[in-house]
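In full-length UniProt numbering, the protein residues as written are 1 to 166.
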């Protein structure tokens, strides 16, 4: 049975893997991001960055990054020492990271498609009425148990959005 969301977006798991590897190599000089089966710790307060895609399909591309890894990545992207990195720098770098990954996924997926503006927050962003269709967890340097997790979330049109507040 073909997953309708894959047909709708035109994306495959390999698209996410290839794009993240390209970004890791080009932006971080870290060829071949190392995939891991580790799940993020439940008590982890990650930096989350996300961007929406609309058009032929609707969804979001999201990355959850442990705070220490976000600081390291920001330092590499901005050619700074980790102790020089500010919260604003992390916000800018994580927004750029998800914008590049999301833009490449948008271009590989079903057309027409538009990319929204990136949003960055501390903690895990939730997207009601979506389902995760693609996931890639990668270890960061010597901490494979603290994965960086990229996800493609598709809007689930059949699932009603509640307008009631709890």
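Glycine included, each C-beta is placed from N, C-alpha and C at the ideal position.
Residue i versus the options, residue with shortest Cα-Cα distance
| i | options | result |
| --- | --- | --- |
| residue 128 | 38, 157 and 118 | 157 |
| residue 72 | 109, 57, 113 and 30 | 30 |
| residue 101 | 9, 147 and 21 | 21 |
| residue 11 | 133, 63 and 118 | 133 |
| residue 51 | 25, 16 and 63 | 63 |
| residue 35 | 13, 49, 27 and 46 | 13 |
Min CB distance residue i to chain C below 8 angstroms
| i | result |
| --- | --- |
| residue 82 | In the structure shown, chain C does not exist; there is a single protein chain. |
Limits of the alpha helix (DSSP H) - the one that residue i falls within
| i | result |
| --- | --- |
| residue 26 | 13-28 |
Assigned secondary structure, residue i (DSSP; H/G/I helix, E/B strand, else coil)
| i | result |
| --- | --- |
| residue 151 | strand |
| residue 144 | strand |
First and last residue of the uninterrupted beta strand (DSSP E) at residue i
| i | result |
| --- | --- |
| residue 130 | 130-140 |
Count the C-beta pairs between the region 81-96 and the region 136-154 that are closer than 8 angstroms, then say yes if the count reaches three, no if not. No, the region 81-96 is not in contact with the region 136-154.
List in chain order: all unbroken alpha helix (DSSP H) runs of 4+ residues lying wholly within the UniProt domain "Chemotaxis phosphatase CheX-like" (47-125). 67-78 and 87-108
Given 8 angstroms as the limit, is there contact between the region 55-72 and the region 111-118, that is, 3 or more CB pairs closer than that? yes
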